[in-house]
Amino acid sequence: MKPKVIARHLVAEVAPGTRIYDYARGLFIQLPTRASLKKALSKGRLILNATTAKSATHVNQGDLIELLEGTEKITPYHLDLPIIYQDQSLAVIHKPAGIPVSGNQFRCIQNALPHVLAKSAFPDALRMPRPVHRLDAATQGLLLVGRSASALVELSQQFEQGQIKKLYAAIVNGKMEGEQVIDKPLDGKVAITGYKTIQVVPSLRNGHLSLLELSPQTGRTHQLRKHLSGIGHPIVGDKRYGIAGSVMLHKGLFLAAVGLSFLHPETGAQMSFNIPIPPKFGKLMERETRRWKAYQNNS
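Residue numbers (this note's numbering): 1206 to 1504.
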């Protein structure tokens, strides 16, 4: 059986003489690392203008890069994932914190999907359901999954074109008020994040904590974490971008994907999903308020 195309990318701008191995790094969620990209190239899974690409193959503006589905053995990772919605084209699941979406390890969400989602009944069903986008390992919340090849390609293109909207909740160090937009390039690329303050409470350790609603307009790696840290308000629990001495250990990252909207790849209907802000967010805000009040009363 001929392998199915699971992702497509049209090259917009590229420097002359750029190899596909360099250009395609981080291009597809299915190939999150250099090692996975190299392996895909060696197995002939990357197609450039209908021809199998090699590592040294050059790419030019207007080229079409396609990724073929792998033929790896499927060994499901037994992890029960809450299913928010599913049909034969796609599914929306609730990813727990602490587990990567994909990568070179068995314990990841991609390997858990066959455990909770049966193979689609559509003719172009994927061998195993595949995530459409990334969430950091430490981030919990809504994750979109493709169950058919055509759905995966269409949804991936919606992400690439900025048509899929995500909403996050985060608790950050310090006092932030109102609504603002952070427009600061990351790694030389446009990166835009909107935020709206939901609640601010006093904190003995950090002065204040702020609960925010975040609306990323672009999807750069670690965008929300970098943007907030860059303006002096890192997300609570962020060991990588947090401020030394103020990171709350053993409580995880206070960042959750709570909203997701997109166009259904088969019907074109608008699909929207929302989940409550995780309980631990409210508990942290209440605890910090309680401690601050206790300190004031004893002063």
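The beta carbon of each residue, even a glycine, is placed where N, CA and C say it ideally should be.
Note that the structure is predicted; figures quoted are calculated from it, not measured.
What span of residues does the alpha helix (DSSP H) with residue i cover, start to end?
i               : result
aspartate 1285  : Counting along the chain, aspartate 1285 falls outside any alpha helix (DSSP H), and DSSP gives it neither H nor E.
leucine 1340    : Element bounds for leucine 1340: n/a, residue is neither H nor E.
proline 1484    : 1484-1503
arginine 1430   : 1428-1435
isoleucine 1314 : 1314-1321
glutamine 1363  : 1354-1365
leucine 1246    : 1239-1247
Can you give the Cα-Cα distance for residue i and residue j, rounded to whole angstroms?
i               : j               : result
alanine 1258    : isoleucine 1270 : 9 Å
aspartate 1227  : glycine 1379    : 39 Å
isoleucine 1252 : aspartate 1443  : 38 Å
arginine 1410   : arginine 1492   : 12 Å
valine 1441     : leucine 1318    : 29 Å
leucine 1284    : asparagine 1502 : 47 Å
alanine 1229    : threonine 1494  : 47 Å
lysine 1243     : glutamine 1404  : 46 Å
glycine 1487    : alanine 1326    : 41 Å
leucine 1433    : glycine 1464    : 19 Å
glycine 1435    : histidine 1427  : 12 Å
proline 1328    : serine 1355     : 10 Å
isoleucine 1369 : alanine 1499    : 44 Å
alanine 1342    : glycine 1424    : 16 Å
valine 1306     : arginine 1445   : 18 Å
valine 1210     : glutamine 1362  : 13 Å
proline 1221    : leucine 1215    : 16 Å
Starting from residue i, trace the beta strand (DSSP E) both ways and give me its first and last residue.
i              : result
histidine 1413 : 1412-1421
lysine 1444    : Counting along the chain, lysine 1444 falls outside any beta strand (DSSP E), and DSSP gives it neither H nor E.
valine 1219    : First-last for valine 1219: undefined, no H or E at that position.
glutamate 1271 : 1269-1273
lysine 1300    : 1295-1300
alanine 1212   : 1210-1215
leucine 1251   : 1251-1253
Could you tell me which residues DSSP pairs with residue i in its beta bridges?
i               : result
histidine 1263  : Arg1224
serine 1477     : Ser1466
leucine 1372    : Gly1464
histidine 1438  : Per DSSP, none; premise fails for histidine 1438.
leucine 1391    : Lys1394
asparagine 1378 : Leu1414
glycine 1303    : DSSP output for glycine 1303 lists no bridge partner at all.
lysine 1191     : Since the displayed the chain opens at 1206 and closes at 1504, residue 1191 lies outside it and no answer follows.
Skipping 5 residues on each side, what residues in its chain have a beta carbon closer than 6 Å to that of residue i?
i                  : result
glycine 1308       : Pro1237
phenylalanine 1233 : Ala1212, Leu1272
proline 1334       : Leu1318, Leu1322, Val1350, Arg1352
glutamate 1359     : Pro1470
serine 1466        : Lys1370, Ser1477
Closest to residue i by C-alpha separation, out of the options, would be which residue?
i               : options                            : result
alanine 1296    : Leu1340, Leu1273, Leu1357          : Leu1357
isoleucine 1448 : Phe1311, Phe1364, Ile1298, Val1377 : Val1377
glutamine 1266  : Val1219, Gly1275, Asn1316, Arg1312 : Val1219
serine 1241     : Ala1323, His1427, Ser1260, Thr1426 : Ser1260
lysine 1401     : Pro1390, Glu1418, Pro1407          : Glu1418
arginine 1430   : Gly1412, Gly1399, Lys1370          : Gly1399
glutamate 1277  : Leu1489, Lys1389, Lys1248, Thr1223 : Lys1248
glycine 1367    : Pro1287, Leu1468, Gly1457          : Leu1468
Is it the case that the CB of residue i approaches a heavy atom of the ligand GTP more closely than 7 Å?
i           : result
lysine 1389 : The model depicted lacks the ligand GTP and carries no ligand whatsoever.
Answer with yes or no whether the minimum CB distance from residue i to chain C is below 8 Å.
i            : result
glycine 1435 : Of the protein chains in the structure, only one exists, and it is not chain C.
If I measure Cβ to Cβ from residue i and keep anything under 7 Å in the same chain, skipping five residues before and after, which residues do I get?
i            : result
proline 1301 : Gln1345
Return the chain-ordered list of same chain residues with a C-beta closer than 8 Å to the C-beta of residue i, the five sequence neighbours on each side being excluded.
i             : result
alanine 1279  : Reading off the sequence shown, one finds isoleucine at residue 1279, where the question assumed alanine. Closer than 8 Å at the Cβ level, and outside the excluded window around isoleucine 1279, lie Pro1319, Arg1332, Met1333.
arginine 1438 : Inspection of the sequence shows that residue 1438 is occupied by histidine rather than by arginine. Val1377, Asn1378, Gly1379, Met1381, Ser1415.
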